Amino acid sequence: MPEPLLRLAGVTRRFDVSRPTLQRWLARERRQFLRAVDDVSFAIPAGTTLSLVGESGCGKSTVARLAVGLLAPSAGEIQFDGQPLAAARADPGQRRRMNMIFQDPYASLNPRWRVRDIIAEPLRAFGIGADVPGRVAELLGQVGLAGADGERFPHEFSGGQRQRISIARALAAAPSLLVCDEPTSALDVSVQAQILNLMRDLQQLLGLTYLFISHNLAVVRHMSDRLGVMYLGRVVELGPADEVFAAPRHPYTRLLLEAVPDLERVGSARTPVGGEVPSPIDPPPGCSFHPRCPLAVDRCRVEQPPVRKLGAVEVACHLAEAGAD
Amino acid sequence: MSAPLLGVADLTVEFPTRRGILRALDAVSFAIAPGEILGMVGESGAGKSLTGAAIIGLLAPPGRIAGGEVRLEGARIDHLPAEAMRRIRGRRIGAIFQDPLTTLNPLYTIGRQLTETIRTHLPMSAAEARTRAIRWLDEVGIPAAARRIDAYPHEFSGGQRQRVVIALALCAEPRLVIADEPTTALDVSIQAQIIALLKRLAREHGTAVLLITHDMGVIAETADRVAVMYAGRIAEIGPVAEVIRAPAHPYTEGLMASIPPLEHRLERLAQIEGAMPRLNAIPDGCAFHPRCPRAIDRCRGERPALTPAGATMAACLLAHA
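Going line by line, the protein sequences match chains A and B. Using my numbering, the first residue of the first sequence is number 1, and each one after it goes up by one. Using my numbering, the first residue of the second sequence is number 1001, and each one after it goes up by one.
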């Protein structure tokens, strides 16, 4: 296996959600912390895609921000290409090798800038490339836009075309790692297919490494080599995507897969799992999934399950067994 | 099939603008039987939400119904005076929208909002209305309904809020419910709960549902029939199983193929090139022909009508050949 490009080891990120000091003092409350990301470890080998999937509030977007250094971890270590992330970000030669694609192509492009300036911004910021117009034209071609589109403004483009512009901008400084936070969630399904195909093509062409964040299991299935399932800030199952989809071991992964509406199940009745994701400010003791888990035993209510390796898959569940289906 | 509860015939909606009239809905026709769930699917701008808004008389000006008719239980309800339409909304047609936060008034308890809705439409005392409100909260699966009725919307989670909105839409027992993207703002496990709830209520109360969504998976599991919208027209309509398994319209086919499957990993997704046309540039003939892999010369000049094609109805010149 090639050397990982990105490695997270025991990464935790807490947010202070306490009330203002005076109010807290008057009400005799203690400081409150929200553990958005709790002891997360994974590695992404260069040239592959790792996806994180989970419901709102599970911490997947926080991991995305941690991975490119937009947030600093409260504990744990992040390494980029064998180097601590902070050191890598201090070196422009390394920092340009990571970039991010955001969910909303309407909010992430400056409406007052022409497309060519938007795409050229990373080039100017890093002072790279002698022939900026030539590079912009090349990037526009790579994402399937015409050279003349560079003269236009973002509002002249549809959502899918705007996401192509975001991708061109992200690729401008020739990065190795792209962190994609729900890149197709704002798009229609036929446009989503275009963008997903484009992202796969670019990965093959440029040898990109993706950290892909999505709530959509089908999209994740299509994009991932490896898959991590997150619940309340923790990765509960991590492994090769094919294996996780074929034989989900964690009850939460099974719940998620079961809940996806399926074209094959026309008119079929289902018994949805009840309950909702609890608040991360005050997570349940033991395994945080136990209140919703159909298999929970007494041990799950008190003891937090450690991550165990079962074959190629890592699972944080007391009950998961190797080879279970 | 029993007499339709809702009959929509040649419904046309236009937006007059300075640069001419934009036709956002073009001769849309369909019917929904009591207890039936009709799914309406399409991409952004296809006109699916507009169809719902036109039926309940909530078109945003300058949008207007320029032609066709809407019949509820046989009587025309388009072009009714505003006051008469207001009495129909809530009483005979309920509405569920995408975002439960904006649908509920944050300043009133949900009990007040429910009892107000009930008493506006039904002759009931405050106490009777409250009892009914609690029963409905119970019915949509709010735990400890009798206690929670005096809580404010912000005290509920997203999924519970959407349950409250469903209770609000159904508490006057309307004959028709228009649900516009009711699960889009929700997580997938909550979505599954809400879908199951909608299906159960439609079945038990014989309510007809127009379910508007962009998610074909939701339609597959919920609806009895589905209408696929494209550029303000119905491209295909028919029983869900047939439309999904054997689509007759090339757009439906492309739409189905572009959904990534859960079962296995494909090398590439099938993609429909281009994007849906803007309203001011809808092509002549079949609106889909510039993106259609099978288009022939006739498609450019001749507009296809919705005609039977196998088990469904499709608006495609080639579907019947």
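No residue lacks a Cβ here, since even glycine has one placed at the ideal position from N, Cα and C. None of the values given here were measured: they were computed from a predicted structure.
Let me make sure I understand the geometry here. Which of the options has the alpha-carbon closest to that of residue i?
| i | options | result |
| --- | --- | --- |
| B:A1095 | B:I1212, B:P1247, B:A1275 | B:I1212 |
| A:L123 | A:G10, A:R169, A:G141, A:G69 | A:R169 |
| A:F102 | A:S166, A:V220, A:W25 | A:S166 |
| B:P1293 | B:A1126, B:S1125, B:C1316 | B:C1316 |
| A:L205 | A:V236, A:L171, A:A90 | A:L171 |
| B:A1319 | B:A1220, B:R1135, B:I1093, B:E1253 | B:E1253 |
| B:A1169 | B:I1118, B:E1181, B:R1203, B:Y1251 | B:I1118 |
| A:V191 | B:S1258, B:W1136, B:L1080, B:E1073 | B:S1258 |
| B:P1174 | B:E1155, B:L1186, B:I1190, B:L1201 | B:L1201 |
| A:L6 | A:A320, A:M98, A:H215, A:E237 | A:M98 |
| B:M1216 | A:E3, A:Y210, A:D188 | A:D188 |
How is residue i classed by DSSP in three states: helix, strand or coil?
| i | result |
| --- | --- |
| A:I158 | Residue identity differs from the one stated: residue 158 of chain A is Ser in this sequence, not Ile. Note: A:S158 maps to coil in three-state DSSP. |
| A:M230 | strand |
| A:Q79 | strand |
| A:A43 | strand |
| A:Y210 | strand |
| A:P285 | coil |
| A:R308 | strand |
| B:L1101 | helix |
| B:R1233 | strand |
| A:R35 | strand |
| A:F245 | helix |
| A:M199 | helix |
| A:T184 | coil |
| B:R1200 | helix |
| B:T1207 | coil |
| B:V1028 | strand |
| A:V313 | strand |
| A:E258 | helix |
| B:I1212 | strand |
| B:A1246 | coil |
| A:E276 | coil |
| A:E237 | strand |
| B:M1001 | Residue confidence is low: B:M1001 scores 48 on pLDDT, short of 50, so the model does not pin down where it sits. No coordinate-derived value is stated. |
| B:G1020 | strand |
| A:A193 | helix |
| B:V1240 | helix |
Excluding sequence positions up to five away, which residues of its chain have a Cβ less than 6 Å from the Cβ of residue i?
| i | result |
| --- | --- |
| A:L85 | G69, I78 |
| A:R234 | D38 |
| A:P95 | According to the sequence as given, residue 95 of chain A is Arg; it is not Pro. The residues are R89. |
| A:R116 | V136, G150 |
| B:V1164 | I1110 |
| A:Q83 | none |
| B:Y1323 | No answer is possible for residue 1323 of chain B: it lies beyond the span of chain B, which begins at 1001 and ends at 1321. |
With a threshold of 7 Å on Cβ separation, who are the neighbours of residue i within its own chain once the five nearest residues in sequence on each side are excluded?
| i | result |
| --- | --- |
| B:L1025 | L1011, T1012, V1013, G1047, L1050, T1051, A1054, G1232 |
| A:H290 | P284, A296, C300, R301 |
| A:S61 | D181, I213 |
| B:P1308 | none |
| A:Q194 | G160 |
| B:P1247 | E1236, E1253, M1256 |
| A:G275 | P291, R292 |
| B:A1287 | Y1230, A1231, R1233, P1277 |
List the endpoints of the continuous alpha helix (DSSP H) containing residue i.
| i | result |
| --- | --- |
| B:T1312 | Run containing B:T1312: none in the alpha helix (DSSP H); it sits in the beta strand (DSSP E), 1312–1314. |
| A:V11 | Segment 4–16 is the beta strand (DSSP E) holding A:V11; no alpha helix (DSSP H) there. |
| B:L1107 | Element bounds for B:L1107: n/a, residue is neither H nor E. |
| B:I1000 | Because chain B is modelled from 1001 through 1321, residue 1000 of chain B falls outside the range shown and cannot be assessed. |
| B:A1257 | 1250–1257 |
| B:G1301 | 1297–1301 |
| A:W367 | Residue 367 of chain A is absent from the structure shown; chain A starts at 1 and stops at 325. |
| A:G93 | 92–95 |
Along the chain, where does the beta strand (DSSP E) containing residue i start, and where does it finish?
| i | result |
| --- | --- |
| B:Y1230 | 1225–1230 |
| A:S51 | 49–53 |
| B:T1307 | 1307–1309 |
| B:P1010 | This sequence places Asp at residue 1010 of chain B; Pro is not what is there. Its beta strand (DSSP E) spans residues 1006–1017. |
| B:M1216 | Taken as a continuous stretch (DSSP letters only), B:M1216 belongs to no beta strand (DSSP E), being part of the alpha helix (DSSP H) at 1216–1222. |
| A:I101 | 98–101 |
| A:A296 | Here A:A296 belongs to no beta strand (DSSP E), and DSSP marks it neither H nor E. |
| B:G1094 | 1093–1096 |
Quick check: does the Cβ of residue i come within less than 8 Å of any heavy atom belonging to the ligand MN?
| i | result |
| --- | --- |
| A:L232 | The ligand MN is not among the ligands present in this structure, which contains no ligands whatsoever. |
Residues in its own chain within less than 8 Å of residue i by CB, not counting five upstream and five downstream?
| i | result |
| --- | --- |
| A:S158 | V191 |
| A:V236 | V229, M230, H250, Y252, T253, F289, V315, A316, C317 |
| request: Can you check the stretch 1118–1193 of chain B for any beta strand (DSSP E) of at least 3 residues that lies completely inside it and give the ranges in chain order? | output: Here the runs fully enclosed are 1176–1180.
| task | Entirely within the stretch 1032–1081 of chain B and at least 4 residues each: give me those alpha helix (DSSP H) ranges in chain order. | result | 1048–1055
| message | Report the start-end ranges of each beta strand (DSSP E) in the stretch 116–146 of chain A that is 3 residues or longer and not cut off at the edges. | response | Under the rule that a run must span 3 or more residues, no beta strand (DSSP E) segment is found entirely inside the stretch 116–146 of chain A.
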